[in-house]
Amino acid sequence: MPVPGYLWPMLLVRALFRPGLEPVSFEIAAGECVAVRGASGAGKSLLLRAIADLDPNEGEVSLGGRRREAMSGPEWRRLVTYVPAEPGWWAETVGGHFTCWSAAEPLVASLGLPGACRDWPVLRLSTGERQRLALIRALVQAPPVLLLDEPTSGLDHETGLAAEALVARHRAAGAVVVWATHSSGQAARVASRALSVAAGRVREEPL
Amino acid sequence: MTYIRLDYGDLALAGLLVVLNGGLSMALELGVERRLAIAAVRRVVQLTLVGLVLTTLFALVSPVWTGLAALVMILFAGHEILARQDRPLAGYWAYGLGTGAMLLASTLVTLFALTTQLSPTPWYDPRYAIPLLGMVLGNIMTGISLGLQTLTIAVVRDRAAVEARLALGATRRQALLQPVRLALRSAFLPIINTMAATGVVSLPGMMTGQILSGVEPVEAVKYQILILFLISGGTGLGSMAAVLGCAWRLTDHRHRLRLDRLAPAAGG
Chain Z
3 MPVPGYLWPM LLVRALFRPG LEPVSFEIAA GECVAVRGAS GAGKSLLLRA IADLDPNEGE
63 VSLGGRRREA MSGPEWRRLV TYVPAEPGWW AETVGGHFTC WSAAEPLVAS LGLPGACRDW
123 PVLRLSTGER QRLALIRALV QAPPVLLLDE PTSGLDHETG LAAEALVARH RAAGAVVVWA
183 THSSGQAARV ASRALSVAAG RVREEPL
Chain C
253 MTYIRLDYGD LALAGLLVVL NGGLSMALEL GVERRLAIAA VRRVVQLTLV GLVLTTLFAL
313 VSPVWTGLAA LVMILFAGHE ILARQDRPLA GYWAYGLGTG AMLLASTLVT LFALTTQLSP
373 TPWYDPRYAI PLLGMVLGNI MTGISLGLQT LTIAVVRDRA AVEARLALGA TRRQALLQPV
433 RLALRSAFLP IINTMAATGV VSLPGMMTGQ ILSGVEPVEA VKYQILILFL ISGGTGLGSM
493 AAVLGCAWRL TDHRHRLRLD RLAPAAGG
């Protein structure tokens with residue numbers, strides 16, 4: 003958990019690299035959202051997965067001054083949570099993926115899903131339903147850093163806006179958000195800065 | 253005790269059944285006739301050699317030669333485990349893990365039986381040690397290869413599910429619990445089925461062999477029960493060691509899923 007006085011700390015990335023990604027450095031302040039833009043296969047997911055330490059990578063990443071090596075992988079990922087574009091499911095029903103469904107229920111409603119979806123079998127879910135539930139699954143853990151990988155690619159425009167509003171609320175509370183997206187319209191709506199990824203090179207660019 | 257000796261003509265006659273299978277495979281285009289032929293020839297050669305080796309070993313009653321024979325059997329079984337994996341671990345791990353787990357389990361179980369229930373003099377008497385090891389080994393081998401095969405297939409197939417748990421802060425133990433359970437269950441199933449069906453549906457080979465060579469059925473049954481218990485203990489131990497070891501190898505100290513440590517998928 004975040005150290006006292008640093009309840010919503012800053013994310014610092016220094017010379018982070020991995021196969022398919024050239025060394026990259028940036029920092030993101032608490033409450034800030036940075037869009038990551040780039041074509042499919044340019045390395046957006048590689049960057050987000052490296053920050054979450056889900057793949058072998060080199061470089062320094064720290065949160066509020068605490069380097070990730072100072073904690074275990076699972077501890078780090080509870081603070082810095084990656085939400086993939088095609089999320090995985092391990093239980094048979096939706097509810098099996100939530101330790102506390104009552105915490106998830108208001109978020110479920112705000113994204114236009116009925117409370118009864120708790121008992122839905124995961125196999126029955128559409129791509130959009132999966133994306134919404136995966137976002138909620140991460141949000142209920144209230145991580146100080148959210149790494150979103152095209153979280154609304156399967157949603158219609160209206161539901162996408164609802165998801166953006168939900169993330170914005172979390173960000174307003176002080177969370178850092180890194181949001182990979184294809185759409186420059188979405189990038190402009192959700193983020194205050196942008197990184198562009200092309201052929202494994204990451205550059206800061208104007209929104 | 254008396255038994256009926258077989259001559260080579262009797263064997264050739266029985267071999268006709270395999271030829272029949274081959275014909276069936278060709279007629280129905282099953283495509284297994286080649287593998288069938290190789291397996292049948294291999295079995296004849298292997299068993300003939302084993303007969304010669306056992307005759308020599310039994311005459312020697314030497315701990316060194318018995319141990320060496322046991323080691324060779326285990327190393328061969330290790331190759332068999334490897335051959336039954338679609339996606340084994342990459343590098344030496346592929347052979348080392350299955351063989352190591354089998355070495356551990358089969359040695360423990362065989363020594364246990366030789367020093368307590370059977371206790372022949374000397375305890376390493378190859379007439380007991382080698383057949384015992386052979387029976388235990390074959391079953392442990394099946395358990396380990398099923399366990400490893402199921403684990404690697406499940407982890408590749410459920411990669412998204414495993415990574416979803418890891419991304420949300422689960423430990424590698426939590427994230428791999430489902431695939432590991434699945435793997436251990438499939439490793440256990442054959443021996444459970446065998447124990448349930450033995451004596452009703454099937455008469456086990458060793459018991460039948462003893463009866464054919466003139467042992468009282470009640471005594472043969474006692475031996476068979478002993479062997480089945482040894483096998484189930486060894487299978488549990490061996491597949492547990494192999495599956496947990498493989499799960500450990502498929503993740504790293506940062507609790508990341510490391511499918512790059514599997515051998516590349518065969519074929520495009």
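Same order as they appear, the protein sequences are chains Z and C. First residue of the first sequence: 3, per my numbering; consecutive thereafter. First residue of the second sequence: 253, per my numbering; consecutive thereafter. Backbone N, C-alpha and C define an ideal beta-carbon position, used for all residues, glycine too. The structure displayed is predicted, hence computed values, not measured ones.
Exercise. What do you reckon, are the CB atoms on Leu-18 of chain Z and Glu-60 of chain Z nearer than 9 Å?
Worked result: yes
Problem set entry | Span of the beta strand (DSSP E) around Cys-35 of chain Z | 35 to 39
Exercise. In terms of DSSP beta bridges, what is Ser-64 of chain Z paired with?
Worked result: Z:Leu-14 and Z:Arg-69
For this session: Measure from the alpha carbon of Ala-201 of chain Z to the alpha carbon of each residue in Z:Leu-125, Z:Pro-21, Z:Arg-139 and Z:Arg-16, then state which is nearest.
Result: Z:Pro-21
For this session: Would you tell me roughly how many angstroms separate the C-alpha atoms of Ala-196 of chain Z and Leu-149 of chain Z, rounded to the nearest one?
Result: 14 Å
Exercise. Would you report the Cα separation of Leu-360 of chain C and Thr-368 of chain C, rounded to the nearest angstrom?
Worked result: 12 Å
Exercise. Roughly how far, in whole angstroms, is the beta-carbon of Arg-132 of chain Z from the beta-carbon of Pro-86 of chain Z, given that I think they are within contact range, below 8 Å?
Worked result: Arg-132 of chain Z to Pro-86 of chain Z, Cβ: 10 Å. No contact.
Exercise. Relative to the ligand SAM, is the shortest distance from any of its heavy atoms to the C-beta of Ser-185 of chain Z smaller than 8 Å?
Worked result: In terms of ligand content, the structure shown is empty, and the ligand SAM therefore cannot be addressed.
Problem set entry | Cβ-based contacts, 9 Å cut-off: residues of the stretch 29 to 52 of chain Z near chain C | Arg-51
For this session: Taking Arg-210 of chain Z as the query, report the chain C residues whose CB atoms sit under 9 Å from its CB, ordered along the chain.
Result: Coverage of chain Z is limited to positions 3 through 209, which leaves residue 210 of chain Z absent and any answer about it impossible.
Exercise. When the Cα of Arg-339 of chain C is compared with those of C:Glu-471, C:Leu-464 and C:Val-407, which residue comes out closest?
Worked result: C:Val-407
Exercise. What residues in the stretch 51 to 65 of chain Z bring their beta carbon closer than 8 Å to a beta carbon of chain C?
Worked result: Ala-54, Asp-55, Leu-56, Asp-57 and Pro-58
Exercise. Would you say Val-495 of chain C and Leu-418 of chain C are within 9 Å of each other, going by their C-beta atoms?
Worked result: no
Exercise. Is there a Cβ from chain C that is less than 9 Å from the Cβ of Trp-181 of chain Z?
Worked result: no
For this session: Assuming Val-82 of chain Z contacts Val-26 of chain Z (C-beta within less than 8 Å), just tell me the rounded distance between them.
Result: Not a contact, Cβ separation roughly 16 Å.
For this session: Helix, strand or coil for Leu-42 of chain Z, going by three-state DSSP, please let me know.
Result: Reading off the sequence shown, one finds Ser at residue 42 of chain Z, where the question assumed Leu. In this structure, Ser-42 of chain Z counts as coil in the three-state DSSP scheme.
For this session: Give the straight-line distance between the Cα atoms of Ile-443 of chain C and Ile-483 of chain C, rounded to the nearest whole angstrom.
Result: 8 Å
Exercise. So which residues of chain Z does Glu-415 of chain C contact, with C-beta pairs closer than 7 Å?
Worked result: Leu-56 and Gly-90
For this session: Could you list which residues in chain Z have their beta carbon closer than 8 Å to that of Ala-435 of chain C, in chain order?
Result: By Cβ distance, chain Z contributes nothing, its closest Cβ being about 15 Å from Ala-435 of chain C, past 8 Å.
Exercise. Asp-512 of chain C and Ala-342 of chain C: beta carbons closer than 9 Å?
Worked result: yes
Exercise. Alpha carbon to alpha carbon, how far is Gly-98 of chain Z from Leu-420 of chain C?
Worked result: 14 Å
Exercise. Which residues in the same chain have their Cβ closer than 6 Å to the Cβ of Arg-424 of chain C, if we skip the five residues on either side of it in sequence?
Worked result: Thr-503 and His-507
Exercise. Can you list, in chain order, the stretches of the beta strand (DSSP E) that have 3 or more residues and sit fully within the stretch 81 to 128 of chain Z?
Worked result: 82 to 85
Exercise. So what does DSSP say about Ala-200 of chain Z, is it helix, strand or coil?
Worked result: strand
Problem set entry | Which listed residue (C:Arg-286, C:Gly-330 and C:Ala-266) has its alpha carbon closest to that of Met-393 of chain C | C:Gly-330
For this session: Tell me whether Val-180 of chain Z sits in a helix, a strand or coil according to DSSP, three-state version.
Result: strand
For this session: Within its chain, find whatever has a CB closer than 8 Å to the CB of Ala-266 of chain C; leave out the 5 residues flanking it on each side and keep chain order.
Result: none
Exercise. Quick one: what does DSSP say Asp-410 of chain C is sitting in, helix, strand or coil?
Worked result: coil
For this session: Determine the DSSP secondary structure at Ile-138 of chain Z, reduced to helix, strand or coil.
Result: helix
Exercise. What span of residues does the beta strand (DSSP E) with Asp-151 of chain Z cover, start to end?
Worked result: 147 to 151
Exercise. Any Cβ of chain Z within less than 9 Å of the Cβ of Asp-377 of chain C?
Worked result: no
Problem set entry | Through-space distance from Arg-294 of chain C to Pro-469 of chain C, alpha-carbon basis | 32 Å
For this session: Sort C:Tyr-376, C:Pro-372, C:Tyr-344 and C:Leu-384 by Cα distance to Ser-358 of chain C and report the nearest one.
Result: C:Leu-384
For this session: Can you have a look at Leu-65 of chain Z and say buried or exposed, based on whether 16 or more other CB atoms are within 10 angstroms of its CB?
Result: buried
Exercise. Which word fits Gln-298 of chain C, buried or exposed, when buried means at least 16 other C-beta atoms lie within 10 angstroms of its C-beta?
Worked result: exposed
Exercise. For Thr-450 of chain C, which of helix, strand or coil comes out of DSSP?
Worked result: strand
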